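Residue 218 is where the sequence shown ends in full-length UniProt numbering, and the numbering goes up by one at each step.
Take a look at the structure below.
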Amino acid sequence: MAIVPLSAASGFRFADPVLVDALHPDRAQVEAFIAGVYRERYGAVLRGFLPHLLAYHGADGRLQAALGLRCASEGPLFVEQYLAQPAELAIAERMPRRVVRSELVEVGNFAAEHAGDARAMIRALTCTLHGAGLRWVLFVATRQLRNAFDRLHLATVELGEARGQDLRDDPSDWGDYYAAQPRLMFGDIAAGHTFLQREAEPRHGVLPTFRACLAGAP
């Protein structure tokens, strides 16, 4: 699948996103960027990150936003700590169709310098996940992040409150994050992609290395 350069496509403010896995030379830099945003906003000390990071740079090459990904086919999801049952069952209770676990992906480690960067990142991410053949996205959203989805008119469904007391690790590392009213949400990637197409947003092909990861390649 061809990759549409974001820098050349109207509606995106970023250059092509970079997939940053564990052995990528920029991994420490991207983790430090994410950790810095959480430290500044919530006084949090992040000690772990999702296995796949997407880094978004501006035209000047400066890192402006990043996020993390984990496919449900890879194992338990971080967000399942907030649920009393597997994520696919929780989603299926709210949707009139069968939900297949292999079609689920969780997104976290959201970090952006500005609100506009967050919206641009969500638009690009929706197209990337759709191109990867994924159907359902799960994420924890603070009020600020929920506002970003609302401003994009992307429909999401709340699964419940995300509570620090449900974490296996010490919730104190998260500083004031859980005071920001985070909620566990999910969205229909296909529906979001269709909406963005109707809004004349450009398509963005899946990154080849990320597609290989989804296929179970090393």
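Backbone N, C-alpha and C fix where the C-beta goes; we use that ideal spot for every residue, glycine too.
Here the structure is a predicted model, which means the values were calculated and not measured.
Within its chain, find whatever has a CB closer than 7 Å to the CB of residue i; leave out the 5 residues flanking it on each side and keep chain order.
| i | result |
| --- | --- |
| V99 | E88, I91, A92 and W136 |
| A190 | H130 and R135 |
| V37 | A111 |
| A22 | P51 |
Identify which residue in the options has its Cα closest to the Cα of residue i.
| i | options | result |
| --- | --- | --- |
| P96 | E199, D188 and P182 | D188 |
| Q144 | E158, L167 and A180 | A180 |
| A55 | E40, V79, A124 and Q81 | A124 |
| G160 | L63, Y82 and V20 | Y82 |
| P17 | G61, A35 and I34 | G61 |
| G108 | L152, V140 and S102 | V140 |
Can you have a look at residue i and say buried or exposed, based on whether 16 or more other CB atoms are within 10 angstroms of its CB?
| i | result |
| --- | --- |
| A115 | exposed |
| H193 | buried |
| A111 | buried |
| G133 | exposed |
| V45 | exposed |
| A84 | exposed |
| P25 | exposed |
| A59 | exposed |
Closer than 8 Å by C-beta to residue i: which residues in its own chain qualify, once you throw out the five before and the five after it? Chain order, please.
| i | result |
| --- | --- |
| L77 | R70, A87, L104, E106 and L138 |
| A148 | A115, A118, R119 and I122 |
| E158 | R183, L184 and M185 |
To the nearest angstrom, how far is it from the Cα of residue i to the Cα of residue j?
| i | j | result |
| --- | --- | --- |
| R183 | F195 | 23 Å |
| residue 233 | R146 | One cannot answer for residue 233 here, as it falls past the ends of the chain, which runs 1 to 218. |
| D166 | E74 | 22 Å |
| Y42 | Y177 | 5 Å |
| residue 287 | E31 | No information on residue 287 is available, as it lies outside the stretch 1 to 218 that the chain covers here. |
| R47 | Q29 | 14 Å |
| F33 | D150 | 25 Å |
| D169 | R198 | 42 Å |
| L154 | A162 | 20 Å |
| R94 | S102 | 18 Å |
Quick one: residues in its chain with C-beta nearer than 6 Å to the C-beta of residue i, no 5 flanking neighbours on either side, listed in chain order?
| i | result |
| --- | --- |
| E80 | A87 |
query = Residue ranges of each beta strand (DSSP E) run of no fewer than 3 residues wholly in the segment 19-83, ordered along the chain?
reply = Fully enclosed beta strand (DSSP E) runs of no fewer than 3 residues occupy 52-57 and 63-71 of the segment 19-83, in order along the chain.
inquiry  = As an exercise, report each continuous beta strand (DSSP E) stretch of at least 3 residues that is fully enclosed by the segment 160-188, in chain order.
reply    = 183-188
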